[in-house]
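Shown next, in structure tokens, is the structure this report addresses.
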Amino acid sequence: MFCDTHCHLLSEYYPDIEEILKVSKEEGVSRVINAGYNYLSSLEVLDLVKKYPDMYGVVGLHPENIDEEFDYKIFDNLDKKIVGIGEIGLDYHYTKENKLKQIEVFERQLDIAEKLGLPVVIHSRDAVMDTLEILKKHHNFGVIHSFSGSLEVAREYIKLGFALGINGVVTFKNCNLKETLKNIDMNSIVLETDSPYLTPVPFRGTQNNPGKMMNTAKFVADIYGVSLSELAEITNQNIKRIFDI
Numbered sequence: 006m007f008c009d010t011h012c013h014l015l016s017e018y019y020p021d022i023e024e025i026l027k028v029s030k031e032e033g034v035s036r037v038i039n040a041g042y043n044y045l046s047s048l049e050v051l052d053l054v055k056k057y058p059d060m061y062g063v064v065g066l067h068p069e070n071i072d073e074e075f076d077y078k079i080f081d082n083l084d085k086k087i088v089g090i091g092e093i094g095l096d097y098h099y100t101k102e103n104k105l106k107q108i109e110v111f112e113r114q115l116d117i118a119e120k121l122g123l124p125v126v127i128h129s130r131d132a133v134m135d136t137l138e139i140l141k142k143h144h145n146f147g148v149i150h151s152f153s154g155s156l157e158v159a160r161e162y163i164k165l166g167f168a169l170g171i172n173g174v175v176t177f178k179n180c181n182l183k184e185t186l187k188n189i190d191m192n193s194i195v196l197e198t199d200s201p202y203l204t205p206v207p208f209r210g211t212q213n214n215p216g217k218m219m220n221t222a223k224f225v226a227d228i229y230g231v232s233l234s235e236l237a238e239i240t241n242q243n244i245k246r247i248f249d250i
């Protein structure tokens, strides 16, 4: 059985989260790590992990939401099923005008994670150099969410103690990530969906859910020339090494 290490199973996207978890388990994904992206979604994650035994969570402030109010007291006395700080990071895709504020918020949350001894789940879009430079100044570990960069960048992240989060993007026709993965050890990857986004082929264009991660898993297993059970065993070991699950 697999674990979806990054999804957004929130009421704004799914009217029946329990049904999504049931169907996903039937498909072969038995556990999920639910990711908050702002204060309200993080509060919802805190509630949901208490409700569902096979759901864990990460909470944090996403770079696209840094102008929203965020109460950092949420990091005090976290539930034991909150296994990391995320989704946090840098995103210069739409604007760099708030770059300094993004960096400030990112580093503040990195410091909190380090103090708590928790891994971080990092979002980095069009901001590779700044993300790497910042991580080199800190002593964090965790996952680079939705990794789709070059082999050189992948090796830099791995050197810093991070695993690469691989999702449906790898199945896209024009994605070069599969060539990168051929040169990356399986011990450095975890699987994710980013549900409801980034639905893998052949379901691209429909809403994603953790169960559809099996298509990504089959694709990745073929890249490495291993069985699904071997891929599940290795990625589960990687998850256990990073998160307290």
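Just so you know, we're using this note's numbering here: the sequence shown kicks off at 6 and counts up by one.
Think of the CB as a built atom: it goes at the ideal place given N, C-alpha and C, for glycine as much as any other residue.
Source: prediction; values computed, not measured.
Between the Cα of Arg209 and the Cα atoms of Gly173, Asn192, Val158, which residue gives the shortest distance?
Gly173
Tell me the rounded alpha-carbon separation between Glu161 and Leu137.
8 Å
Can you list, in chain order, the residues of its chain whose CB lies under 7 Å from that of His98, leaving out five sequence neighbours each side?
Arg130, Asp131
Per DSSP, Leu196 is paired with what?
Ile171
For a test of the three-state rule: what should DSSP assign to Ile25, helix, strand or coil?
helix
Is Gly166 near Ile127, with beta carbons less than 8 Å apart?
No, the pair does not count as a contact, with Cβ atoms beyond the cut-off.
Determine, using beta carbons only, whether Cys12 and Ser200 come nearer to each other than 8 Å.
yes
Quick one: residues in its chain with C-beta nearer than 8 Å to the C-beta of Tyr77, no 5 flanking neighbours on either side, listed in chain order?
Arg113, Ile117
First through last residue of the beta strand (DSSP E) which encompasses Asp227
No beta strand (DSSP E) contains Asp227, which is instead part of the alpha helix (DSSP H) from 218-229.
What residues are listed by DSSP as bridge partners for Ser129?
Leu95
Please name the residue, chosen from Gly33, Lys56, Met6, Glu31, that lies closest to Leu15 on a Cα-to-Cα basis.
Lys56
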